[in-house]
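Read the structure below first, then the notes.
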Amino acid sequence: IRLVTSVMIIPYRNPILTAKMLSTLDMLSKGRLILGAGVGWMEEEFELLDAPPFAERGAVTNEYLRAFIELWTKDNPKFEGKYVNFSDITFLPKPVQKPYPPIWIGGQSKPAIRRAAQIGDCWHPVGAIPAAPLEPEELAENLVLLRDYAEKAGRDPSKIQVSVKAPLYDSGDSSGPRRRFTGSVDEVRQDVQTYSDVGVTHLIFDFRTGEPKQTEDRMARFADEVMAVT
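Position one of the sequence shown corresponds to residue 85 (the working numbering), numbered consecutively onward.
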């Protein structure tokens, strides 16, 4: 079982404090943390939190993530950037995972894909939600872009994983046009296989309901009906 922030809005918090919070979580969880990182989308939140300028959130995120890596991996970390600077500091605890916890980059825009290719261990788009569905055909096109960005950054594209959030699981028959990961068990199994064939390495399902027992039942049913045969 892994602990994933899906996703943490990186510009909202002091980068040194955030890096310490995350490395502490990795230590307490005995190396099970995954950092899901996003740039944010609501300008009003940036203003209320007195965060860096909304228009610069992408550049801020890139710099903060590189600062995290410096703090996590160096005995004498130092960093000089536009948004964060530090030197002559001691940073503890270091993460249990080496060189550092996996970084999953959220978002479906080209800048997000480029960020995943340059900094991330995994691209983590939202995926199969009604507001922004990411169909396999579009995903395949984006993966071509991801590989191209990775090669230009001098990275091995095969080392970058792909995780898609799919919060619509329903094992019963649905009415109206079928959404991905809803419908019959066979349909859900086929959706899982389709995304796997495209290149998805992780599928994250949201089983939440208003009742904990119902949530547990949905998880158990999914494990028995889908996971056991895919």
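All C-beta atoms, glycine included, are put in the ideal place defined by N, C-alpha and C.
Below 8 Å, enough C-beta pairs join the region 95-105 and the region 140-156 to call them touching: three or more. Comparing C-alpha distances from alanine 250 to each of Asn226, Glu225 and Leu287 shows the shortest one belongs to Leu287. DSSP, reduced to helix, strand and coil, places glycine 120 within a strand of the structure shown. By alpha-carbon distance to valine 210, the top candidate from Trp156, Gly120 and Ala201 is Gly120. The secondary-structure analysis by DSSP pairs leucine 87 across a beta bridge with Leu117.
Three or more beta-carbon pairs separated by less than 8 Å are not found between the region 167-175 and the region 221-230, which leaves the two stretches without contact. With contacts defined as CB atoms closer than 8 Å, glycine 283 and valine 246 qualify as a contacting pair. Between the alpha carbons of glycine 267 and aspartate 159 lies a gap of roughly 52 Å. Listed in chain order, the beta strand (DSSP E) elements of length 3 or more contained wholly in the region 191-235 are 206-208. Sorting Pro177, Leu176, Ile93 and Ser113 by C-alpha distance to the C-alpha of proline 136 places Ile93 at the top. Threonine 293 and threonine 285 do not touch by the CB rule: their CB atoms are close to 27 Å apart, not below 8 Å. Residue state for tryptophan 125 is assigned as coil, using DSSP reduced to three classes. Around the C-beta of alanine 234, 16 or more other C-beta atoms lie within 10 Å, and the residue is accordingly described as buried. Secondary structure at glutamate 164: strand, using DSSP grouped into helix, strand and coil.
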